[in-house]
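Heads up: take any position in the sequence shown, counting from 1, add 41, and you land on this note's numbering.
The structure appears below as structure tokens.
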Amino acid sequence: MALTDCPSCNKKISDKSTLCPHCNFAVGDASSEDILRKQNLQKFHRKQRVQNQSLVAMLLFITGFGFMYWGGTQPGDLQHNLAIMVSIVGFVWYIVNRVRLALLKR
Ligand SMILES: [Zn+2]
């Protein structure tokens, strides 16, 4: 008995089983075209999720940056440090999401 990846949820299932025990995907009934379509859809959703995240990250960065400059705080203030932290987190998160997106596109 060999293990194979479920085309729907990508969990390990037996290649003998016709129904995925994790997501009830009918493996036996799926033609390769069905599987491809499902995988493309999954990829699309994943890409969208990453794109949404990178948008949030960019907003974080802009908010933190804007607050740092126009928030009326002085360097050393708690708010100033917080703003720097928020913009750094946003920036790093954005980069991470760009990398993830690049990896998904391959
Ligand atoms: Zn499954």
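Virtual Cβ for every residue (Gly too), placed ideally from N, Cα, C.
Keep in mind that this is a model prediction, so the values were computed, not measured.
*DSSP puts I54 in a beta bridge; with which residues?*
T45
_Please classify I136 as buried or exposed, where buried requires at least 16 other C-beta atoms within 10 Å of its C-beta._
exposed
*Alpha carbon to alpha carbon, how far is G113 from Q120? Give it in angstroms, no decimals.*
10 Å
*By the 10 Å Cβ neighbour count, where 16 or more other Cβ atoms means buried, how is S73 classified, buried or exposed?*
exposed
_For the alpha helix (DSSP H) containing T68, name the first residue and the last one._
Checking the sequence shown, residue 68 turns out to be Val, not Thr. Segment: none, V68 is in no alpha helix (DSSP H) and carries neither H nor E.
_8 Å CB neighbourhood of D46 in its chain, flanking five on each side removed_ = K52, K53 and I54
*In the DSSP assignment, what are the bridge partners of L60?*
A67
*Cα-Cα separation, V97 to G107*: 15 Å
_the stretch 123 to 135 / the stretch 74 to 92 touching (three or more Cβ pairs under 8 Å)_ = no
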